[in-house]
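There are 2 protein chains.
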Amino acid sequence: MARREATAADVAKKAGVSRTAVSFVLNDKDAGNIAPATRERILAAAQELGYVPHPVARSLRTQRTQMVGLITDAIATSPFAGQLLGGAADRARERGHLVAVFDSQERPALEAQAAEELRYRRVDGLLYAAMSLREVGEVPGVGLPTVLANCYDADDAHPSVAPDEVRAGETVADFLVGMGHRDVGVLISDLVVAGTLRLQGLRAGLARESLQPKVIEHLDDGWTIDAGYAATMRVLQGEDPPTALFCVNDRVAAGAVLAATRLGLDVPGDLSVMGFDDQEELAANFVPGLTTMALPHRAMGEVAMDRLLDAVEGISDPGPRRLLLESPLVQRESVGPPR
Amino acid sequence: MARREATAADVAKKAGVSRTAVSFVLNDKDAGNIAPATRERILAAAQELGYVPHPVARSLRTQRTQMVGLITDAIATSPFAGQLLGGAADRARERGHLVAVFDSQERPALEAQAAEELRYRRVDGLLYAAMSLREVGEVPGVGLPTVLANCYDADDAHPSVAPDEVRAGETVADFLVGMGHRDVGVLISDLVVAGTLRLQGLRAGLARESLQPKVIEHLDDGWTIDAGYAATMRVLQGEDPPTALFCVNDRVAAGAVLAATRLGLDVPGDLSVMGFDDQEELAANFVPGLTTMALPHRAMGEVAMDRLLDAVEGISDPGPRRLLLESPLVQRESVGPPR
DNA sequence: CTGAAAGCGCTTACAG
DNA sequence: CTGAAAGCGCTTACAG
Numbered sequence: 001m002a003r004r005e006a007t008a009a010d011v012a013k014k015a016g017v018s019r020t021a022v023s024f025v026l027n028d029k030d031a032g033n034i035a036p037a038t039r040e041r042i043l044a045a046a047q048e049l050g051y052v053p054h055p056v057a058r059s060l061r062t063q064r065t066q067m068v069g070l071i072t073d074a075i076a077t078s079p080f081a082g083q084l085l086g087g088a089a090d091r092a093r094e095r096g097h098l099v100a101v102f103d104s105q106e107r108p109a110l111e112a113q114a115a116e117e118l119r120y121r122r123v124d125g126l127l128y129a130a131m132s133l134r135e136v137g138e139v140p141g142v143g144l145p146t147v148l149a150n151c152y153d154a155d156d157a158h159p160s161v162a163p164d165e166v167r168a169g170e171t172v173a174d175f176l177v178g179m180g181h182r183d184v185g186v187l188i189s190d191l192v193v194a195g196t197l198r199l200q201g202l203r204a205g206l207a208r209e210s211l212q213p214k215v216i217e218h219l220d221d222g223w224t225i226d227a228g229y230a231a232t233m234r235v236l237q238g239e240d241p242p243t244a245l246f247c248v249n250d251r252v253a254a255g256a257v258l259a260a261t262r263l264g265l266d267v268p269g270d271l272s273v274m275g276f277d278d279q280e281e282l283a284a285n286f287v288p289g290l291t292t293m294a295l296p297h298r299a300m301g302e303v304a305m306d307r308l309l310d311a312v313e314g315i316s317d318p319g320p321r322r323l324l325l326e327s328p329l330v331q332r333e334s335v336g337p338p339r
Numbered sequence: 001m002a003r004r005e006a007t008a009a010d011v012a013k014k015a016g017v018s019r020t021a022v023s024f025v026l027n028d029k030d031a032g033n034i035a036p037a038t039r040e041r042i043l044a045a046a047q048e049l050g051y052v053p054h055p056v057a058r059s060l061r062t063q064r065t066q067m068v069g070l071i072t073d074a075i076a077t078s079p080f081a082g083q084l085l086g087g088a089a090d091r092a093r094e095r096g097h098l099v100a101v102f103d104s105q106e107r108p109a110l111e112a113q114a115a116e117e118l119r120y121r122r123v124d125g126l127l128y129a130a131m132s133l134r135e136v137g138e139v140p141g142v143g144l145p146t147v148l149a150n151c152y153d154a155d156d157a158h159p160s161v162a163p164d165e166v167r168a169g170e171t172v173a174d175f176l177v178g179m180g181h182r183d184v185g186v187l188i189s190d191l192v193v194a195g196t197l198r199l200q201g202l203r204a205g206l207a208r209e210s211l212q213p214k215v216i217e218h219l220d221d222g223w224t225i226d227a228g229y230a231a232t233m234r235v236l237q238g239e240d241p242p243t244a245l246f247c248v249n250d251r252v253a254a255g256a257v258l259a260a261t262r263l264g265l266d267v268p269g270d271l272s273v274m275g276f277d278d279q280e281e282l283a284a285n286f287v288p289g290l291t292t293m294a295l296p297h298r299a300m301g302e303v304a305m306d307r308l309l310d311a312v313e314g315i316s317d318p319g320p321r322r323l324l325l326e327s328p329l330v331q332r333e334s335v336g337p338p339r
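If you read the protein sequences in the order shown, they are chains C and F.
Residue numbering for the first sequence follows the UniProt record's numbering, beginning at 1 and increasing consecutively.
Residue numbering for the second sequence follows the UniProt record's numbering, beginning at 1 and increasing consecutively.
This is the structure:
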C-alpha cells in the first residue's frame, strides 16, 4: 500500500525508451512511429508494473475530465429518478466517463449554482434530468455541451429526450376501445404538462372512433393515491359511471382500485382501471396488477447520455433536437372487457 | 467564452507579486508571511479577474480530488435510494466534495469493479450504500477511507451507519400496546435482516407486557403489496384474528389494507395496520394514511458522508464503529384503539 | 523511427 | 516578509 503507483517514467525506464514512446503506444498514437518490437517491450513493461495513466494528470494536459455532471430536480422524491439515473450512469461508465450528481431539490436557484460548480470542476458536459416531464425555462448552460432528459426548453436550444406522451395516450385509447369500452372516464390534472399531453392523445385516439371521454374528473392536488381515491369516489357515485377509467399515473390508478374495492366493486369486472408509468413496486404488485403504460425511463437516461457524450466527443448528432421515445403498454389484470 | 480563464499567474502579474504569494493568500496560509497591504492587493486582483484555482491542477499537486465515490446496490429500484443519496450528496457539497455515483444493480462483481474504477480515478473516499439493510461480506476497500450506510460488515472493519431496527420494533410494540391492543399479528419474512431485527424488537416490547405475537404470517416472496394482501387474507380468514397487524414495511401494509377493504372491514375500526418505512408517495397518501416508522434515510446519508469526510480529512472519529440511528414514529390513520 | 523539451496550473519546501 | 524553483504525471508539437 505504501508502494508508489507506477508512472509513465517507470515504464519508460523499464522498457529502455522515452516517456514519449510510452505515451504514444498506450494511446494508440504510434501508427508508423514506433517499431513493433519497441511497442511490445513497452506494453510488456506497462503490464508488469500494472501501469495505468494518472487520470488527473491526463485531465490537466488534455483539458478533459472524462466526467459529466447530472443535475436533477427531485432525485430524492421521485420513484423514477433511479431508472433514469441508472441508465445514464451505466452508459457513461461504458464510455469511460464518471457521473457527478447534483440534486437541486426543486429549488431552481440551486440548479444554477450546481451548473456553476460543475463547470468550475471542469466536467465535460451537463445532463439535466427532470423527474416529471416539463418545459424548463432558462437552462444554465454555462457554455458546456448540455442535453435535457424528460424535459425540454421552449426554443429547443439544447437537444432533449422525452417520452412521446401524446402517442402513449393514443395507444391507451386504442387499447381500451379494442377491449370494447365506449364509456371512458378520465382522472387527470394539468398540473404537469405530461397530463395535458396524455389527455390530448387519448382524445385523439377516441375521436378516431367518434368517441370522447365520458367524464373528466380533476384530481384534487397532485397525482397521488388519495387524490385518485377521492376522484374515483365522485365518479362512481355519479350517475351512469364509465366502464373504464384512464388514470394519469399508477398512484392515481391504485387509489381508483382502492375506491372501487371499498364500494364493493370488482376490478376489472365492474370497472377497468388503466394506469400510467409502470411504477416500480406498485403497478406489478397491486391487487389486481395494474395494466399500464411503461415510460421509458432507463432508455431516456441512456439515450440522453449518448447524445451528450456524442456532443462532448464532437460526434455530429443528426437526430431531431427534441427526441421522443415510445412507451410500451404493459398488460396485467386491471383492464378487461366491460360486462 | 473564448476568453481563457484567469490563472494564478495572471493574478500575480496584476497584483505585482509572485505566484507563491497568490497561492498563500488564497489558501489562507499567509499568516505572518504576507504584508496586509499585499494581501489586499492580491485579493482585489483575484476578484477583478474572477480567478478561481483550477481544481484539476490543484488535485494533481495535492493528491486530493475533493471527490468521493458512492457505490450503491440498487439505486434504480429502491424508493429510498433518493433520500439516502440526496443526504449524502448535500453534505458532500457543503464540504466541497463532488459525488460520483456507481450503481452495481445488485451484481456484486460490479461492486468490486466500481471500487477499482473509483480508486483509479483517485477519489478521496468510498461510501457504500445498501438499499435494504444487510450485512455485507467482503467490502472492496481498495485502501481508501470507506464508510458503509444502511449496511455493515460482520467484523466492523469499516465504520457504518444504520437504523436501529430493534429499537424501532420495540417502539411499535409500545405504541400498539399503549393503544390497547393485546392481539398483535405479524406479517414478515426474514429474507432481509431488517425483518428479523424488527420482529426481535417487537417481541421484546410485547414481552415487557407479558404478551407475544398472536400470529406470525410469513410473506410469500418479497415485501410486496401482493404478498401483504395474500398474507392478510390468510390471517383474517383464520379464526379469532388479531386486532392489529404489524407489517414489515409500508407496501405490505398497503396490501393488508387492500385485503381488509376487500373483505368489507374498516381500517382501523376493525383492524389496525402498522407500516414501516414511511415510504414516499405511499404511506402518507394511502387511504387511510399509514401509521408507520420513518426510517432515517436522509440522516443516514448525511451522517455516513460526514464520517467519511472526517476520515478523509484526518479528523478522528470517536463514535462507535457501528452507529445506529433512531426512527421516529409517524402517526396517521391506519392505527386506532381496538373495538 | 525516436527523444528532449515544453507546458497544463497549481502548491510548497527552500533560500534569502 | 517575499520569490525562484521544483515537481505532481501526463501529452504533444518539434527537431532530429
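C-beta: ideal position from N, C-alpha, C; glycine also.
Spatial neighbours of C/N249 in its own chain (CB-CB distance under 6 Å, excluding positions within 5 residues in sequence) are listed in chain order as W223, F276 and D277. The contact set of F/Y120 on chain C, defined by CB atoms closer than 8 Å, consists of V52 and P55 in chain order.
In the DSSP annotation of this structure, C/L148 is not part of any alpha helix (DSSP H); the continuous beta strand (DSSP E) holding it starts and ends at T146 to D153. Inclusion of C/V267 and C/T291 in the CB contact set at 8 Å is not warranted, their separation being larger than that value. Interface with chain C (8 Å Cβ-Cβ cutoff): F/G16 is excluded. Put simply, the CB of F/D103 is near chain C, with a gap under 8 Å to one of its CB atoms. About 4 Å separates the Cβ atoms of F/R91 and F/M305, confirming a contact at the 8 Å cut-off. Taken through DSSP and simplified to helix, strand or coil, C/F102 comes out as strand. With contacts defined as CB atoms closer than 8 Å, F/R251 and F/I225 qualify as a contacting pair.
Not one beta carbon of chain C lies nearer than 8 Å to the beta carbon of F/A231.
The residue from F/A8, F/R182 and F/L133 with its alpha-carbon nearest to that of F/G50 is F/A8.
Excluding the 5 residues flanking it on each side, F/A254 has same chain C-beta neighbours closer than 8 Å at I225, G228, G275, L282, F286 and L290, in chain order.
F/I42 sits buried, since 16 or more C-beta atoms from the chains shown fall within 10 Å of its C-beta. Short of 7 Å from the beta carbon of C/T65, and not among the five residues preceding or following it, lie these beta carbons of its own chain, in chain order: S59, R122, V123 and D124. In summary, C/K214 is buried, with 16 or more beta-carbon neighbours lying within 10 Å of its beta-carbon over all protein chains present. Taking 8 Å as the CB threshold, F/L43 stays off the interface with chain C. Residue range G125 to V136 is occupied by the beta strand (DSSP E) that includes F/S132. Under DSSP, C/I71 takes part in a beta bridge, and its partners are C/F102 and C/Y128. Taking every protein chain shown into account, the CB of F/Q83 has 16 or more other CB atoms within 10 angstroms, so this residue is buried. Under DSSP, C/G185 takes part in a beta bridge, and its partners are C/V215 and C/L245. At a cut-off of 8 Å, the C-beta of F/T65 has a neighbouring C-beta in chain C.
The alpha carbon of F/V161 has as its nearest neighbour, out of F/T38, F/D73, F/D220 and F/H297, the alpha carbon of F/H297. Its Cα nearest to that of C/D73, the residue C/A149 stands out among C/A149, C/G336 and C/E326. Bounds of the beta strand (DSSP E) holding F/L324 are R322 to L325. C/T291 is bridged by DSSP to C/M274. Annotated three-state conformation of C/A9 is helix, per DSSP. If you check each beta-carbon in the stretch 150-183 of chain C against every beta-carbon of chain F, none falls closer than 9 Å. In this structure F/H218 is exposed. Its beta-carbon is surrounded by fewer than 16 other beta-carbon atoms within 10 angstroms.
In the three-state reduction of the DSSP assignment, F/L191 falls in the coil class, being assigned neither a helical nor a strand state. The three-state reading of DSSP puts C/A227 in helix, counting H, G and I together. By the beta-carbon neighbour count (other beta carbons within 10 angstroms, threshold 16), F/E165 is buried. Scanning chain F for C-beta atoms nearer than 9 Å to the C-beta of C/T261 yields L258, T261 and R262, reported in chain order. By the 16-neighbour rule on beta-carbons within 10 angstroms, F/I188 is buried. Rounded to whole angstroms, the separation of the alpha carbons of F/R167 and F/Q200 is 9 Å. Residue environment: F/T171 is assigned as buried (16 or more neighbouring CB atoms within 10 Å of its CB, all protein chains considered).
From the listed residues F/R262, F/G264 and F/P242, the smallest Cα separation to F/R339 is found for F/P242.
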